[in-house]
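Just below is one structure, and these are the notes that go with it.
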């Protein structure tokens, strides 16, 4: 049997070892957070587009006459929209089925977001930045597009609609240089 002072010395040594191991793990984790934070602060992700929210409606791609769905000169289908408390502009978007559709969105006042019905289309829309993603819609019909980021007291009423039209019907309605929307003008 060991005398009590020897077993106490062994226990203290084991605790000291664990203290150093846990301290080293904590130090490595803090160092990783600092290095990652400094790296992202000095090297933001590529493909970040910024926009001036003060002149958003006055010039550039998000002027009112340029919102909605359009067939670009290269044949791509592009939807441009603005999120603002408490609406999307335009509120109803027409898109073709079974065709890649690129969404370009920005916000004027607060962080918003949207998800489109039974699809994988889901993004955050942040003031001063342009959110871009491409998706396609396999089913025709109307799908809801609610704001999924709390943006104020009217948040629950902020939603839009996406009308997915058969490709032929969409192409028949789309005119070069015009924006297509399912909201009557």
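In our numbering, the protein residues as written are 4 to 188.
Ideal placement from N, C-alpha and C gives every residue a C-beta, glycine not left out.
- When secondary structure is reduced to three states using DSSP, residue 28 falls in the helix class.
- Residue range 170–176 is occupied by the alpha helix (DSSP H) that includes residue 174, with no beta strand (DSSP E) assigned at that position.
- The Cβ-Cβ distance between residue 109 and residue 80 does not fall below 8 angstroms.
- Between residue 128 and residue 116, the CB-CB gap stays under 8 angstroms.
- About 7 angstroms separates the beta carbon of residue 100 from that of residue 168, a gap short enough to meet the 8 angstroms contact definition.
- Distance between residue 171 and residue 118, taken at the CA atoms: about 25 angstroms.
- Ranked by Cα distance from residue 57, the options 36, 122, 173, 130 are led by 130.
- Residue pairing from DSSP places residue 138 in a beta bridge opposite 104.
- Between the alpha carbons of residue 105 and residue 33 lies a distance of about 39 angstroms.
- Counting only residues of its own chain and dropping the five nearest sequence neighbours on each side, residue 151 has a CB closer than 7 angstroms to the CB of 116, 117, 118.
- In the structure shown, residue 125 adopts extended strand secondary structure according to DSSP, grouped into three states.
- Taking C-alpha positions only, residue 17 is separated from residue 40 by approximately 35 angstroms.
- Here the alpha carbons of residue 51 and residue 134 stand approximately 8 angstroms from one another.
- Straight through space, the alpha carbons of residue 64 and residue 84 are spaced by roughly 10 angstroms.
- Residue pairing of residue 95 in beta bridges, as defined by DSSP: 164.
- C-alpha of residue 62 to C-alpha of residue 156: approximately 30 angstroms in a straight line.
- For residue 147, the beta-bridge partners assigned by DSSP are 164.
- Beyond the five residues adjoining it in sequence on each side, residue 182 comes within less than 6 angstroms, by CB distance, of 71, 73 in the same chain, given in chain order.
- Per DSSP, residue 73 is one residue of the beta strand (DSSP E) stretching across 71–74.
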